[in-house]
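The opening residue of the sequence shown carries number 1 in the UniProt record's numbering; numbering runs sequentially from there.
In what follows, a structure is listed as structure tokens, so that the remarks can point back to it.
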Amino acid sequence: MAGSLDYTSPTTHYSYDVNKSPFFKKDDNNFINILGVEQLNSLENVSLLDIYLSTNNVVEPHYHQNAAELVYCISGAATVSLLNPYTKQIQNYPITPGQVANVPQGWWHYEVATADNTHLLAIFDAPNPEVILGSDILKFTPSNVIAHTYCIDEHAWKQAIATVKPSTYIGPYSDCYQQAPQPQLQYPYMLQQRYYWGL
């Protein structure tokens, strides 16, 4: 980039208002602005996402194939969670103002706001952050491939992902009406009940 950029040209820009570059908007409290080389042509190997979230909103699971990501908390609070591909463990990093969490390039991760008015800055070591989203993987991988590969009933899989919208970015959806999870009986409890009832 630096080799082809003319730093004396009047068309080379050195400042930009990120508020004028919307990337994704769920609602007035949950949205993302972007700054990359397309917005500010003097950038080299840096870009950012300016993220605003309210409590329990999630930047959906995803990974960046071209960049590492440093998540800085400006206000509010969030938990940055990542899947460590070496340990196969989810690692959770709660961050509050002034704190950061680092996501290495290509690692599966997501951010959950744990307070209203959460403002995060995601900084990338690439001129534009590229992304592969969980919602896109779920919707665009053929159902018969998932069913065959993981020995899943294809119809059940299609039902399970029916409400998933491609390129979700921030979830849950505004029209999501999740039911409270029903408590599941544990196996030892069932054995106790069977014994008690003489079954």
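No residue lacks a Cβ here, since even glycine has one placed at the ideal position from N, Cα and C.
Note that the structure is a prediction, hence the values are computed from the model and not measured.
Opposing strand residues paired with residue i [DSSP bridges]
| i | result |
| --- | --- |
| residue 80 | 93, 111 |
| residue 170 | 59 |
Separation of residue j from residue i, as counted between CA atoms
| i | j | result |
| --- | --- | --- |
| residue 130 | residue 49 | 11 Å |
| residue 45 | residue 85 | 25 Å |
| residue 92 | residue 53 | 18 Å |
| residue 13 | residue 43 | 9 Å |
| residue 139 | residue 145 | 12 Å |
| residue 55 | residue 73 | 14 Å |
| residue 147 | residue 156 | 9 Å |
| residue 123 | residue 33 | 12 Å |
| residue 59 | residue 127 | 21 Å |
| residue 76 | residue 151 | 42 Å |
| residue 97 | residue 117 | 12 Å |
| residue 20 | residue 114 | 27 Å |
| residue 82 | residue 8 | 42 Å |
Residue i - DSSP class collapsed to helix/strand/coil
| i | result |
| --- | --- |
| residue 4 | helix |
| residue 18 | helix |
| residue 162 | coil |
| residue 199 | Low per-residue confidence applies at residue 199: pLDDT is 38, beneath 50, and the placement is therefore not dependable enough to give any value. |
| residue 12 | coil |
Practice problem: For the UniProt domain "Cupin type-1" (21 to 158), list the alpha helix (DSSP H) runs that are entirely contained and at least 4 residues long, ordered along the chain. | Solution: 134 to 140, 143 to 150
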